[in-house]
Amino acid sequence: MRIRYLMFALLLMTACNSAITPEVIVINYPVNGSIFPPDISSPTIRWSNNQTNTSGYKITITSNTGEIIFNTESHLNYLKIDEQQWSAIKKATQAKSATIEVLDKDNSKKASVEMSTSTDSVSAPIFYRAVPLPFKFARENLEKVSWHLGNISDLNPAPAALENMPVCGNCHSFSGNGATLAMDVDARDEKGAYVIAKLNKTTPLNQTDIINWSDFQKGEFTYGLLSQVSPDGGNVVSTLKDCEIFVDLNNMEYSQLFFPFKGILAVYSKANNRFFALNGADDTVFVHSNPAWSPNGEYIYFCKAKAAMFEESGVQHGSVALSNTTYNNFLNNFIERKKLFKFDIYRIPFNNGNGGVAQPVKGASINGKSNFFPKISPDGKWMVFTQAESFMLLQKDSKLYIVPAEGGEPRLMNCNTNNMNSWHSWSPNGKWIVFASKANGPYTQLFLTHIDERGNDSPPILLEKFVIDGKAANIPEFVNVPPDTKLEIVPAFLEGDDFKLRMAQIHAKKNNIDKALGLFNELLAGDQKNPEALVGRADIYMKKRMTDKAFADFNLAIKLKPTMAAYYISRGTAFGDVRQPEKAINDFSKAIELNPYSFMAYNNRGLIKFRTGRTEEALNDYNKSLELNDRAYMTIVNIGVALAKSNKNEEAMQYFNQATNLSPDQTMAYNAKAILCLQTGKRVEALNNLNKVLEIEPRNVDALNYRSHILEDNADYYNAINDYLQLLIINDNLKDFQQIMALCVRIKDYNLMNDVTERIIKNNIYFGGEVYYYKAIALKKIGKQKEACEAIIKSADNGYKPAKDSLKDFCAN
Numbered sequence: 035m036r037i038r039y040l041m042f043a044l045l046l047m048t049a050c051n052s053a054i055t056p057e058v059i060v061i062n063y064p065v066n067g068s069i070f071p072p073d074i075s076s077p078t079i080r081w082s083n084n085q086t087n088t089s090g091y092k093i094t095i096t097s098n099t100g101e102i103i104f105n106t107e108s109h110l111n112y113l114k115i116d117e118q119q120w121s122a123i124k125k126a127t128q129a130k131s132a133t134i135e136v137l138d139k140d141n142s143k144k145a146s147v148e149m150s151t152s153t154d155s156v157s158a159p160i161f162y163r164a165v166p167l168p169f170k171f172a173r174e175n176l177e178k179v180s181w182h183l184g185n186i187s188d189l190n191p192a193p194a195a196l197e198n199m200p201v202c203g204n205c206h207s208f209s210g211n212g213a214t215l216a217m218d219v220d221a222r223d224e225k226g227a228y229v230i231a232k233l234n235k236t237t238p239l240n241q242t243d244i245i246n247w248s249d250f251q252k253g254e255f256t257y258g259l260l261s262q263v264s265p266d267g268g269n270v271v272s273t274l275k276d277c278e279i280f281v282d283l284n285n286m287e288y289s290q291l292f293f294p295f296k297g298i299l300a301v302y303s304k305a306n307n308r309f310f311a312l313n314g315a316d317d318t319v320f321v322h323s324n325p326a327w328s329p330n331g332e333y334i335y336f337c338k339a340k341a342a343m344f345e346e347s348g349v350q351h352g353s354v355a356l357s358n359t360t361y362n363n364f365l366n367n368f369i370e371r372k373k374l375f376k377f378d379i380y381r382i383p384f385n386n387g388n389g390g391v392a393q394p395v396k397g398a399s400i401n402g403k404s405n406f407f408p409k410i411s412p413d414g415k416w417m418v419f420t421q422a423e424s425f426m427l428l429q430k431d432s433k434l435y436i437v438p439a440e441g442g443e444p445r446l447m448n449c450n451t452n453n454m455n456s457w458h459s460w461s462p463n464g465k466w467i468v469f470a471s472k473a474n475g476p477y478t479q480l481f482l483t484h485i486d487e488r489g490n491d492s493p494p495i496l497l498e499k500f501v502i503d504g505k506a507a508n509i510p511e512f513v514n515v516p517p518d519t520k521l522e523i524v525p526a527f528l529e530g531d532d533f534k535l536r537m538a539q540i541h542a543k544k545n546n547i548d549k550a551l552g553l554f555n556e557l558l559a560g561d562q563k564n565p566e567a568l569v570g571r572a573d574i575y576m577k578k579r580m581t582d583k584a585f586a587d588f589n590l591a592i593k594l595k596p597t598m599a600a601y602y603i604s605r606g607t608a609f610g611d612v613r614q615p616e617k618a619i620n621d622f623s624k625a626i627e628l629n630p631y632s633f634m635a636y637n638n639r640g641l642i643k644f645r646t647g648r649t650e651e652a653l654n655d656y657n658k659s660l661e662l663n664d665r666a667y668m669t670i671v672n673i674g675v676a677l678a679k680s681n682k683n684e685e686a687m688q689y690f691n692q693a694t695n696l697s698p699d700q701t702m703a704y705n706a707k708a709i710l711c712l713q714t715g716k717r718v719e720a721l722n723n724l725n726k727v728l729e730i731e732p733r734n735v736d737a738l739n740y741r742s743h744i745l746e747d748n749a750d751y752y753n754a755i756n757d758y759l760q761l762l763i764i765n766d767n768l769k770d771f772q773q774i775m776a777l778c779v780r781i782k783d784y785n786l787m788n789d790v791t792e793r794i795i796k797n798n799i800y801f802g803g804e805v806y807y808y809k810a811i812a813l814k815k816i817g818k819q820k821e822a823c824e825a826i827i828k829s830a831d832n833g834y835k836p837a838k839d840s841l842k843d844f845c846a847n
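The sequence shown begins at 35 in the working numbering and counts up by one.
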């Protein structure tokens with residue numbers, strides 16, 4: 035038994051020792067079996083070592099005959115190969131395998147992978163978009179989005195072809211011969227605006243190059259989704275009569291959920307300047323989207339699924355809900371993945387625009403998955419597509435598959451990484467595919483894979499020179515032009531009146547009211563009957579308290595376009611601001627008559643009724659607003675305020691909490707909670723809520739006002755003074771100044787009093803001679819008699835009577 039016990043103990047010790055992690059070196063890039071293009075610039079070899087204590091590494095590349103073709107050392111865990119050495123490596127490994135080996139010099143631990151260089155060059159540049167994340171930030175900072183034309187041979191980062199464009203640009207495509215660029219542009223605040231331009235080294239995007247997909251559907255809203263220009267550049271196919279999920283997510287890596295759930299395929303013929311639905315892909319029972327042309331233009335491949343109707347989605351056009359409550363339930367089911375949406379890939383003959391019968395592509399349809407992004411090889415032989423469990427763009431589990439173009443057995447591609455493999459494009463020679471992946475983090479990067487005659491592909495090759503720090507590279511498209519082409523895209527349409535309207539609206543939204551007013555005035559000088567510009571200018575006039583001019587503009591806009599519910603809402607809000615409640619109620623009622631789904635009109639009418647003491651009527655309108663949109667933040671807060679007014683404090687607080695849970699980054703509900711807490715004696719909770727408001731919005735006047743008084747009551751005088759000073763800078767209010775001075779006297783901090791008065795003087799805040807009077811008091815108290823005398827004289831010269839009466843006290847001599 036003793037021997038047995040000792041044996042067991044030895045085995046246990048051995049097992050414990052074996053649990054110690056041995057040193058492991060792993061080459062992270064390139065991946066084993068990688069095939070490099072012969073025209074690519076040098077890569078960076080990267081490896082990891084779980085033991086950090088090493089004096090360095092030896093890196094060798096050995097041919098399949100045993101010849102060492104590259105040998106160097108590095109103290110880092112990566113190596114950027116010199117371009118001259120890389121040229122020699124590519125020559126030695128063309129159509130031949132070689133071994134990359136990384137050796138730890140201290141203990142001979144090593145790792146190796148095989149690589150080779152293809153005889154097939156890429157021979158074409160790649161056009162792509164670089165966008166900051168998350169997408170919400172990008173939309174709010176459009177000037178930070180850029181477009182690049184990258185040559186894989188370049189030693190420098192891909193240069194920008196288009197940047198600093200203050201409106202949204204999105205999906206782009208090129209004709210097969212590289213002569214035509216087609217691209218989504220938010221040219222006139224119309225999401226359906228689309229530019230079709232001749233591609234030259236300098237490519238202007240002119241007003242005359244812009245079409246609008248909404249013309250197909252008599253002005254009804256459309257995005258014109260995922261459009262693709264035909265190989266000959268003569269036609270563009272798009273998704274129209276569309277509805278889509280288009281929502282931001284609180285996830286840096288996957289910050290948006292987007293997919294269409296209604297839509298037909300429609301075509302714009304450039305030669306005939308006409309739009310038409312594609313027969314066979316226009317059944318509104320289904321959604322048809324994500325089209326791609328065969329290289330000869332004979333077929334269109336597209337994604338198809340059963341459409342979600344208005345009764346289920348609450349959306350009639352685009353992504354704006356009419357019934358928000360229905361939509362929110364519809365949306366949440368997808369966000370929480372209680373419900374999935376799966377697409378199948380179909381093929382339909384174009385037939386000179388006559389369409390035909392759409393057939394599912396075997397291997398890319400009816401497989402229990404979502405299949406999308408079909409792209410056909412230039413020889414028409416292969417289709418590469420993306421597959422995920424559900425939805426379309428930006429899916430973590432998306433993988434690339436290849437299948438014969440007419441359908442067949444799909445193969446999972448070797449190039450796939452473990453984190454999203456999506457938007458892809460064939461090189462013009464059909465030998466390479468570029469695709470997007472998040473393999474290295476949230477910022478999407480571009481990769482290449484080689485495709486041989488049998489459709490076999492190779493592991494991913496990172497396009498290092500296409501990486502832009504702090505931006506995701508997406509929507510890559512090969513362009514059939516020489517690889518060293520330098521491209522400049524000039525958005526000339528920005529010079530037109532339509533763009534001025536868009537820019538004026540952007541400035542107004544950002545509260546740059548003087549810039550907005552200037553642009554609205556320029557527009558209306560040329561066209562006095564532009565209703566959008568009139569309403570925009572009227573809103574600016576209201577902010578500037580130029581009410582007569584505001585109502586003149588509102589009235590003319592409504593006369594020009596009397597069926598626009600939004601105009602009545604804007605004018606009704608203005609009537610509320612000038613205390614004409616009955617006129618406000620009439621306008622909101624008219625808006626409801628024109629658009630019974632307008633939850634905002636019900637909310638605003640309820641607010642006016644509440645202000646005029648009709649609390650029950652107000653609650654009826656609020657409840658109707660909430661029925662139409664159960665996530666209407668302002669309505670939820672307004673209900674809470676109405677309940678608090680009726681002394682239903684617990685119910686009111688429930689609504690305020692609901693609002694903060696719904697939109698934790700908005701301040702209105704926190705302010706309301708703070709006021710209710712103050713009214714019920716819960717000062718600590720009130721202060722916490724005010725702190726939250728000011729954390730989100732440091733210049734919130736209401737919160738600063740309430741907090742300054744609480745802090746003063748709590749004898750927290752210095753923080754109270756700081757809040758009063760913020761209010762003073764924002765509002766230029768004499769009472770705030772006087773309160774600061776009184777507190778400085780109370781705490782006998784005359785140095786602070788002097789600093790505050792000096793700051794006010796430097797900020798050109800003018801309160802007559804009163805500022806200099808208090809400055810004189812402060813200077814005298816801190817022993818600066820001469821400066822005190824100078825200050826009291828300035829105060830007296832500015833007509834401040836207490837200073838005149840005190841001259842002798844301050845200036846004895």
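All C-beta atoms in this analysis are idealised placements derived from N, C-alpha and C, irrespective of residue type, glycine included.
Practice prompt. Entirely within the region 537 to 575 and at least 4 residues each: give me those alpha helix (DSSP H) ranges in chain order.
Written response: Here the runs fully enclosed are 547 to 560.
Practice prompt. Under 8 Å Cβ to Cβ from K814, same chain only, skipping five residues before and after it: list those, please.
Written response: Counting only Cβ-Cβ distances below 8 Å, and skipping sequence neighbours, we find A822, F844.
Practice prompt. Have a look at D243 and V271 and give me their C-alpha separation to the nearest angstrom.
Written response: If I take the Cα positions, the gap works out to 16 Å.
Item to complete: Report the three-state DSSP secondary structure of R278 (helix, strand or coil).
Response: Sequence check: residue 278 is Glu here, not Arg. In the structure shown, E278 sits in a strand (DSSP, three-state: E or B).
Worksheet item: Comparing alpha-carbon positions, which option in V319, Y335, F320 lies nearest A326?
Response: The residue with the shortest Cα to Cα distance from A326 is Y335.
Worksheet item: When DSSP labels each residue in this structure, what does S623 get in the three-state scheme?
Response: In the three-state reduction of the DSSP assignment, S623 falls in the helix class.
Item to complete: Please name the residue, chosen from N546, S261, L521, Y834, that lies closest to F161 on a Cα-to-Cα basis.
Response: The candidate whose alpha carbon is nearest that of F161 is L521.
Practice prompt. Taking N765 as the reference, give the member of L721, N734, M580 with the closest Cα.
Written response: Closest option to N765, judged by alpha-carbon separation, among L721, N734, M580: N734.
Item to complete: Spell out the partners DSSP gives M149 in its beta bridges.
Response: M149 is bridged to S68, A132.
Practice prompt. Go ahead and label L535 buried or exposed: buried means 16 or more other beta carbons lie within 10 angstroms of its beta carbon, across all protein chains shown.
Written response: Residue burial annotation: L535 is buried, with at least 16 other C-beta atoms found within 10 angstroms of its C-beta.
Discussion item. As a quick exercise: from T151, A227, D188, pick the residue whose alpha carbon is nearest that of L528.
Written reply: The alpha carbon of L528 has as its nearest neighbour, out of T151, A227, D188, the alpha carbon of A227.
Worksheet item: What do you get for S248, buried or exposed, if any count of 16 or more other CB atoms within 10 angstroms of its CB means buried?
Response: A residue is called buried once 16 or more other Cβ atoms fall within 10 Å of its Cβ, and S248 is buried on that count.
Worksheet item: Are there 16 or more other CB atoms within 10 angstroms of the CB of P408, so buried, or fewer, so exposed?
Response: Buried, since its Cβ has 16 or more Cβ neighbours within 10 Å.
Worksheet item: Can you give the Cα-Cα distance for A812 and N788, rounded to whole angstroms?
Response: Between the C-alpha atoms of A812 and N788 there is a straight-line separation of about 5 Å.
Fill in: For G387, the nearest candidate out of I410, N358, A305 (CA to CA)
The option with the nearest alpha carbon to G387 is A305.
Worksheet item: DSSP three-state call for H109: helix, strand or coil?
Response: It is coil, neither helix nor strand.
Practice prompt. Quick one: using the 10 Å Cβ neighbour count with 16 as the cut-off for buried, is S209 buried or exposed?
Written response: Label assigned to S209: buried.
Practice prompt. Please state whether DSSP places D218 in a helix, a strand or coil.
Written response: Residue state, collapsed to three classes: strand.
Discussion item. Is the separation between the beta-carbon of L710 and that of A666 shorter than 7 Å?
Written reply: In this structure, the beta-carbon distance from L710 to A666 does not fall below 7 Å.
Fill in: Separation of Q429 from M286, as counted between CA atoms
Using only the alpha carbons, I get a separation of about 13 Å.
Worksheet item: Apart from the five residues on each side of it in sequence, which residues of its chain come closer than 8 Å, Cβ to Cβ, to R173?
Response: The answer, listed in chain order, is C202.
Item to complete: Determine, using beta carbons only, whether Y601 and A591 come nearer to each other than 7 Å.
Response: Contact flag set, yes.
Fill in: Candidates H322, D491, P294: closest to A300 by CA position
Selection H322, D491, P294 evaluated against A300 yields H322 as nearest (Cα-Cα).
Worksheet item: What's the C-alpha gap between R222 and P238?
Response: Summary for R222: the model assigns pLDDT 49, below 50, so the residue's position carries little reliability, and this model does not support an answer.
Worksheet entry | Backbone secondary structure at Y784 - three-state DSSP | In the structure shown, Y784 adopts helical secondary structure according to DSSP, grouped into three states.
Fill in: First through last residue of the beta strand (DSSP E) which encompasses M417
Note, M417: beta strand (DSSP E), 416 to 422.
Item to complete: Return helix, strand or coil for A860, following the three-state DSSP convention.
Response: Residue numbering for the chain in the displayed model covers 35 to 847; residue 860 lies beyond these limits and cannot be assessed.
Discussion item. Going by beta-carbon coordinates alone, are I186 and I79 separated by less than 7 Å?
Written reply: Here I186 is not near I79, since their CB atoms are 7 Å or more apart.
Worksheet entry | Assigned secondary structure, L497 (DSSP; H/G/I helix, E/B strand, else coil) | Secondary structure of L497 (DSSP, three-state): coil.
Worksheet item: What is the DSSP secondary structure of K92, reduced to helix, strand or coil?
Response: DSSP places K92 in strand when its eight states are reduced to three.
Worksheet item: If G389 sits next to G297, beta carbons under 8 Å apart, how far is it from one beta carbon to the other, in whole angstroms?
Response: About 15 Å; that fails the 8 Å criterion.
Practice prompt. Could you check how far apart the C-beta atoms of P265 and S152 are, in whole angstroms? I think they sit under 8 Å.
Written response: The Cβ separation is near 25 Å, so there is no contact.
Worksheet item: Over what stretch of residues does the alpha helix (DSSP H) that includes R80 continue unbroken?
Response: Note, R80: premise wrong, no alpha helix (DSSP H); beta strand (DSSP E) at 78 to 83.
Discussion item. Which residues does DSSP list as the beta-bridge partners of W181?
Written reply: Bridge pairing for W181: R163, L196 [DSSP].
Worksheet item: Nearest-angstrom Cα distance between V354 and I673?
Response: Whole-angstrom Cα-Cα distance: 24 Å.
Practice prompt. In the DSSP assignment, find the unbroken beta strand (DSSP E) run with C205 in it and report its ends.
Written response: For C205, the enclosing beta strand (DSSP E) begins and ends at 203 to 208.
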